[in-house]
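Peer 1:
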Amino acid sequence: MRWLTGICVALLGLMILSGCSTAPVLSNVSLSATTLTPSGAEESVSLAYTIGQTALVSVALVDANGTQYVLRQEVKRTASSIPYQLRIDGTAPNNDSVWLQRALASGVYKVVVTATTPAGIKNDAQVDLTIKSADAPPPMIENLLSFPTTISPNADGRNDVTEITYQLPVTATVDITIATPDGRTLPFVTGELTSPALHRQVWNGKTTDGLILDNGVYTYTIRSQDLYGNIVQKSDQITIEASGQPQALITYTYMAPQLLELGDVLTVTMRIKNTGTVPIRTYGPASGYEYTTNDAFSSIADGKYVAKSGGFWRIGVDWDANAGGAAKRYPYRWAITPRPPEQWKIPFVEDEFLPGEECEIVGRILIKQQETKMGFFVGLIQDGVGFFQDKTGRTIIKVGF
């Protein structure tokens, strides 16, 4: 009796195995629609297929010329009674390093599904799909250029930024990213709808939240995508050198005499240190120059020392009752450098206050202002930017007249 039971169990097992092995590898291949008309509104059709045995599945579209556009390449699928689904939107990966994804041209395509088991059993099936495309030109990125290709984001007004220019022939959504030397990808421009024209983007060597990036070679990538799914991508490189944030500190101030007569000279002694990691550009007048209270840096020496755009620092003196706005604050300004003008980087024009350097600046002001009590103070100024140290060492000077 036991041997009969064993035979029955064995036969049942064979029947089960036989049933499993006869399940087709691939079956029930169908499309939700036989025509696809992409218009930029995310239209698609759904491909359905059933897998009866574990297999590697590939899906491709083949046009009338036999050109094959692969949508899936040997993706592992396990047996399931629930059909697998694949969304087809009329685009396909493109074998091109620039034109990454293409919207397929109008025509009749064969949707070919191939399933191959680990044992080498191969099933395939195909259905027809008609694509009625807009046949629009792709958003090619033309005339891509950055200038300068090397920047030094250190707020010295020299090559602090680069301008990235490119042109699009059609409207597209543009993303620009920056790849760092250590492999991070930083967003720069995200999802910007861009018209068919010449475009410019200025990059300052910083992250979007204002962090100055380190020295190194950075790769910027522009990616454009149109309504129909064409994706184009181009990259180039920008080098950052001499990167850093300028920093300086007034370490000492002294004003004398603190009791003087109208027409006397007030002497202001100031010490400054470059506490940053990058040079600070500066220009005159030099230490020792004498102003009158009627003067301003912009009115002396035939306008030679009028404020310059970007990057230049000076130390200045102001007083409480000065009615000038931001542009007229600190009317008495001097260069920040330990060197005499003949030894400046550009003699008598400008110098660089180097990291770690300290200097003592002596400023003189001839008092012509008829005020009995004047509150003078010192500040660090970056032309066109602001006052990085303001109202330091305020001292009351009494004036008799």
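If you want this note's numbering, it's the 1-based position in the sequence shown plus 14. Beta carbons are placed, not taken as given, at the ideal position from N, Cα and C, and that holds for glycine.
Give the DSSP-derived three-state secondary structure of A300 in the structure shown.
Peer 2: DSSP places A300 in coil when its eight states are reduced to three.
Peer 1: If you draw a straight line from the alpha carbon of L114 to that of S238, how long is it in whole angstroms?
Peer 2: Near 10 Å, if we compare the C-alpha coordinates of S238 and L114.
Peer 1: Taking M284 as part of the beta strand (DSSP E), name the residues at either end of that continuous run.
Peer 2: Looking at the DSSP string, the run of the beta strand (DSSP E) that includes M284 is 279-288.
Peer 1: Compute the beta-carbon to beta-carbon distance between T178 and Y234, rounded to the nearest angstrom, for a pair I have assumed lies under 8 Å.
Peer 2: Residue 178 is actually Ile in this sequence, not Thr. Indeed they touch by this definition, with Cβ atoms about 7 Å apart.
Peer 1: Quick one: what's got a C-beta closer than 6 Å to D174's C-beta in the same chain, skipping five residues either side?
Peer 2: So the list reads P167, once near-sequence residues are dropped.
Peer 1: For G317, does the three-state DSSP call read helix, strand or coil?
Peer 2: G317 falls in the helix class under three-state DSSP.
Peer 1: Could you work out which residue in Y63, E57, A129 is closest to V89 when comparing CA atoms only?
Peer 2: The candidate whose alpha carbon is nearest that of V89 is A129.
Peer 1: Identify every residue that forms a DSSP beta bridge with F390.
Peer 2: Beta-bridge pairing links F390 to W333, T409.
Peer 1: In or out: A24 buried (at least 16 other Cβ within 10 Å) or exposed?
Peer 2: Low per-residue confidence applies at A24: pLDDT is 43, beneath 50, and the placement is therefore not dependable enough to give any value.
Peer 1: Please list, in chain order, all residues of the same chain as K457 whose beta carbon is under 6 Å from its beta carbon, the five residues on each side excluded.
Peer 2: As displayed, the chain neither begins before 15 nor continues past 415, which places residue 457 out of reach and without an answer.
Peer 1: Taking all protein chains shown into account, do 16 or more other C-beta atoms lie within 10 angstroms of the C-beta of S53, making it buried, or fewer, making it exposed?
Peer 2: S53 is exposed by the Cβ-count criterion.
Peer 1: Using a threshold of 8 Å, state whether the C-beta atoms of G400 and G330 are closer than that.
Peer 2: No, the pair does not count as a contact, with Cβ atoms beyond the cut-off.
Peer 1: Please report the residue range of the beta strand (DSSP E) in which P369 lies.
Peer 2: Run containing P369: none; DSSP gives neither H nor E here.
Peer 1: Starting from the C-beta of T296, find all residues in its chain whose C-beta is less than 7 Å away, skip the five residues before and the five after it, and write them out in chain order.
Peer 2: Excluding sequence neighbours, T296 sits near F326, W327, R328, A349, I350, T351, E364, D365, F367.
Peer 1: Applying the 10 Å Cβ sphere with the 16-neighbour rule, what's the burial state of T307?
Peer 2: The residue is buried, with at least 16 neighbouring Cβ atoms inside 10 Å.
Peer 1: Does the separation of the CB atoms of I192 and Y232 fall below 8 Å?
Peer 2: In this structure, Y232 lies closer than 8 Å to I192 by Cβ.
Peer 1: Would you report the Cα separation of A78 and G121, rounded to the nearest angstrom?
Peer 2: Rounded to whole angstroms, A78 to G121 spans 8 Å at the Cα level.
Peer 1: Classify Y319 as buried or exposed, calling it buried when 16 or more other Cβ atoms lie within 10 Å of its own Cβ.
Peer 2: Burial call: buried.
Peer 1: Under the criterion of a Cβ to heavy atom distance below 7 Å, does E356 qualify as lining the ligand HEM?
Peer 2: The ligand HEM is absent from the structure shown, which contains no ligand whatsoever.
Peer 1: Can you tell me whether Q396 is buried or exposed? The criterion is at least 16 other CB atoms within 10 Å of its CB, across all chains shown.
Peer 2: Label assigned to Q396: buried.
Peer 1: Counting Cβ pairs closer than 8 Å, one from the stretch 83-98 and one from the stretch 53-72, do we hit at least three?
Peer 2: Output reads yes: the stretch 53-72 touches the stretch 83-98.
Peer 1: Looking only at its chain, what residues have a beta carbon closer than 6 Å to the beta carbon of R378, apart from the 5 residues adjacent to it on each side?
Peer 2: Around R378: V279, T281, E304.
Peer 1: What does the alpha-carbon distance come out to for the pair D142 and L61?
Peer 2: Cα to Cα, the separation comes out at about 11 Å.
Peer 1: Taking the straight line between their C-alpha atoms, what separation do you get for A119 and S323?
Peer 2: Cα to Cα, A119 sits roughly 53 Å from S323.
Peer 1: Excluding the 5 residues preceding and the 5 following K359 in the sequence, name in chain order all residues of the same chain whose CB lies nearer than 6 Å to its CB.
Peer 2: Excluding residues within five positions, the ones whose Cβ falls inside 6 Å are D365, E366.
Peer 1: Taking N109 as the reference, give the member of N244, S147, Q272 with the closest Cα.
Peer 2: The option with the nearest alpha carbon to N109 is N244.
Peer 1: Under a three-way DSSP split, which group does K146 fall into?
Peer 2: Three-state DSSP puts K146 in coil, outside helix and strand.
Peer 1: Check the DSSP bridge columns for I8 and list the partner residues they point to.
Peer 2: Outside the shown range of the chain, which is 15 to 415, sits residue 8, and nothing can be said about it.
Peer 1: What three-state label does DSSP hand Q261 in the structure shown?
Peer 2: Residue state, collapsed to three classes: coil.
Peer 1: Between A256, E374, P97, T283, which has its C-alpha nearest Y269's C-alpha?
Peer 2: Strictly speaking, residue 269 in this sequence is Met, with Tyr absent from that position. The shortest Cα separation from M269 among A256, E374, P97, T283 belongs to T283.
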